[in-house]
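Following: one structure in structure tokens, then a few remarks.
There are 2 protein chains.
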Amino acid sequence: MARPEHGSRATTLSDVARAAGVSLATASKAINGRDQVAPATRRRVLEAAEELSFTPNQLARSLIAGRTGTVGLLTSDLEGRFVIPILMGAEDAFGAGQVNVFLCDARGDTIREQHHLKALLNRRVDGIIVVGRQTDPRPSLGPDIPVPVVYAYAPSADPRDVSLVPDNVSGGRIAVEHLLSTGRRRIAHISGDPTYAAAQDRAIGVQAALVDAGLELVGDVMYSSWTEHWGRAATAMVLAQHPDVDGIVCGSDQIARGALDTLRDLGKQVPEDVAVNGYDNWEVLANNSRPELTSIDANLQQLGRTAAMRIFDAIDGAEPEGGTTALPVRLVIRGSTIPRR
Amino acid sequence: MARPEHGSRATTLSDVARAAGVSLATASKAINGRDQVAPATRRRVLEAAEELSFTPNQLARSLIAGRTGTVGLLTSDLEGRFVIPILMGAEDAFGAGQVNVFLCDARGDTIREQHHLKALLNRRVDGIIVVGRQTDPRPSLGPDIPVPVVYAYAPSADPRDVSLVPDNVSGGRIAVEHLLSTGRRRIAHISGDPTYAAAQDRAIGVQAALVDAGLELVGDVMYSSWTEHWGRAATAMVLAQHPDVDGIVCGSDQIARGALDTLRDLGKQVPEDVAVNGYDNWEVLANNSRPELTSIDANLQQLGRTAAMRIFDAIDGAEPEGGTTALPVRLVIRGSTIPRR
DNA sequence: GAAAATACCGAAATGCCTTTCGGCACGCTA
DNA sequence: TAGCGTGCCGAAAGGCATTTCGGTATTTTC
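Just so you know, the protein sequences line up as chains A and B, in that order. The opening residue of the first sequence carries number 1208 in my numbering; numbering runs sequentially from there. The opening residue of the second sequence carries number 1208 in my numbering; numbering runs sequentially from there.
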């Protein structure tokens, strides 16, 4: 049958060389585009390689080159939707077929993380990207990793490490500034789990923007969980205590969905009576709500790309400066803050 | 400084051997638990290895062993939420640190897919899992791949390939049977994009279950898109034409969310007046709706695990039998079909 | 105490590719 | 025609770990 036996050894360079009637060295040079090979010879070698469907063994190559063209991506939680765009961005930056990504999911387990880390080092990855599931600092992998490490989304607790996070403070600020620009003045903030750094940071940005505008938050920041249930409950409370509220900044799109639900139930028009701003720009939620949801997008794909580029730089010998860098976020405007024309 | 220079060569086995005062061969045996080594010698070697923080170069190992302990996962679409659980299942089955997964996202681009495929083969992966984004058949990678290939979620168009898909027909059937078991008799089916095999298969299951019960579908199967918008619109249409409908089987959780919305708007109680069944068990949607959504879970993580096991079997020499296998799905019951006590 | 058996260690080959360096042949110049 | 470049090719080393097989020490057996 056409399918080559799985047991049969793959064709090696020496097979090609023999078929082309040249030495190993010449075959290697011909295939890798080195000079020192006559055009006719090169052609003969390439034809032989094609004929035998030769694929150079990257293992042997890497063994010599001392670098493998692979990067490990160590995540603590694949379920989290934040990991995926970051991963895509990184994959993107590495380019198709140039660098490949080893994906490891530690399931939030330190032991498993250590296992994976060791496996990655054994496989001689050129670098490691560590992706957390929330923006709270996480323990460093340690200072003794022999390859560059970049922490994405969740920064390392060790300031000497390189960490990239979305700018949540700025996100909170942008959300408020947008509501202000649509004429809102009585703005409430419904957030999620107060133990999350993201919740705190966004609240800081919200407050700062209000202060800059000479305004105050309507009521206190309301913390609980990142769910629709909480969004519904909190919105009901806000409206009961402050019926004149005209803008709600939500800590997540889920909360915002809940807010929309309750506003609808209570007969409030969105965005005419109350504008609602979500966070995360989770498309399936933001695009399908009534009305569609204005939201803050953390540019996670960009973050992944940046992480990959930092790895590249470090591989190329650039001395990385440690510390946490906050990357810009962006506002995506939809119908929940500005009426459709 | 403590951090080893990135440029400095990693410690090799011969470093360890020299430090322990033994030969390479002995060091290798000691570390790998082979016999032919005196306990005292073994201890000395292990101490030296620890001291130098020696990590065996997996590349060299693989070069000899002829297998790398890596598997490629080729997806056409990382954004799709179906890929993730499959990936987790596969990762799970491979075990922490035993087998590692190369993740490649082809972005739905054939050229890019070919690039990735070639890269994976160059890296001598032991097997490849191809994950599609919908259950429609996709082109085969071809018969000449020198390693085992399993197609997950999207089956290969070539029946000689090994494909694993969730059993959509059975899913449709289970959904209807569940509604029947709660006493519903007037059941409608709102589905998504009719060009999807998943939509057709689920509809077949729905019809079959109704026929078995001696019933007919209320109205025709309603096809359009997998969105909340469509769920809302279609539900309004159903209620207008068939006000006595008492059960709605939806083709996705998004559609079901839309259905719940409209039912609520029109004053129908769920589940008392109308029961609603979703599909996909997408937790963020199913758990946060009012009431929470009964849904069909495709057991994707299990599917990923199975795919990994098929790869293992093939690596171990089992001759795989081609063809598409439909794996069982399961019903997750929540408040949208059975009232909370 | 001598022969045989055992336990342990090390040199060398192996896997696959890249690169260096020596050398052959040809063409050009003086 | 002798001498010198230049272009092209091939032998061999090297990268790292594993394994086979031959060879010493040491112990056991009669």
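Backbone N, C-alpha and C define an ideal beta-carbon position, used for all residues, glycine too. Note that the coordinates shown come from a computational prediction; the quantities given were computed from them, not determined experimentally.
- The alpha-carbon separation between arginine 1380/B and valine 1413/B amounts to approximately 5 Å.
- When secondary structure is reduced to three states using DSSP, glycine 1529/B falls in the coil class, being assigned neither helix nor strand.
- A straight line joining the alpha-carbon of threonine 1218/A with that of alanine 1226/A spans about 11 Å.
- Taking 8 Å as the threshold, the shortest C-beta distance from phenylalanine 1289/A to chain B does not fall below it.
- With a cut-off of 8 Å on Cβ pairs, the segment 1451-1466 of chain A is in contact with the segment 1489-1509 of chain A, counting three or more such pairs.
- Of the residues Ala1515/B, Thr1282/B, Ala1247/B and Val1483/B, the one whose Cα lies closest to the Cα of serine 1502/B is Val1483/B.
- For phenylalanine 1309/B, the nearest beta carbon of chain A is closer than 8 Å to its own beta carbon.
- By the rule that beta-carbons nearer than 8 Å mark a contact, methionine 1295/A touches chain B.
- Burial of threonine 1469/B is indicated by the presence of at least 16 other C-beta atoms within 10 angstroms of its C-beta.
- In its chain, beyond the 5 residues on either side, Ser1347, Val1356, Tyr1358 and Gly1529 have a beta carbon closer than 7 Å to the beta carbon of aspartate 1368/A.
- Listed in chain order, the positions of the segment 1320-1334 of chain B with a beta carbon within less than 8 Å of a beta carbon of chain A are His1322, His1323, Lys1325, Ala1326, Leu1327, Leu1328, Asn1329, Arg1330 and Arg1331.
- Looking at the DSSP output, leucine 1285/A sits in no beta bridge, so it has no partner there.
- Excluding sequence positions up to five before and after proline 1292/B, its CB lies within less than 6 Å of the CB of Leu1507 and Gln1508, all in the same chain and listed in chain order.
- In this structure, methionine 1429/A keeps its C-beta atom at 8 Å or more from the C-beta atom of alanine 1410/A.
- The DSSP-derived three-state label of proline 1292/A is helix.
- Looking at the DSSP output, histidine 1396/A bridges to Val1456/A.
- For serine 1269/A, the residues of chain B that pass the 9 Å Cβ criterion are Leu1266 and Arg1330, in the order they occur in the chain.
- When DSSP states are grouped into helix, strand and coil, valine 1308/A belongs to the strand group.
- When the five nearest sequence neighbours on each side are left out, the beta carbons in the same chain lying within less than 7 Å of the beta carbon of alanine 1521/B are those of Gly1334, Pro1355 and Pro1527, in order along the chain.
- In its chain, beyond the 5 residues on either side, Val1477, Pro1478, Val1483, Pro1498, Leu1500 and Thr1501 have a beta carbon closer than 6 Å to the beta carbon of serine 1543/A.
- Within chain A, not a single residue places a beta-carbon under 7 Å from that of alanine 1255/B; the smallest gap is close to 18 Å.
- About 7 Å separates the Cβ atoms of leucine 1270/B and leucine 1270/A, confirming a contact at the 8 Å cut-off.
- Separation of the CB atoms of alanine 1297/A and arginine 1512/A is rounded to 7 Å, and the pair is thereby assigned contact status at 8 Å.
- If you draw a straight line from the Cα of alanine 1505/B to the Cα of glycine 1228/B, it comes to about 58 Å.
- Using a Cβ distance threshold of 8 Å, threonine 1277/A and valine 1338/A do not count as a contacting pair.
- In this chain, the beta strand (DSSP E) harbouring isoleucine 1503/B covers 1502-1504.
- Those residues of the segment 1452-1463 of chain A placed with their C-beta closer than 8 Å to a C-beta in chain B are Gln1461, ordered along the chain.
- Assignment of leucine 1387/A by DSSP, reduced to helix, strand and coil, places it in the helix class.
- Using a Cβ-Cβ cut-off of 8 Å, alanine 1247/A does not count as an interface residue toward chain B, since no Cβ of chain B sits closer than that to its own.
- Within chain A, no residue has its CB atom less than 8 Å from the CB of valine 1357/B, the nearest being about 14 Å off.
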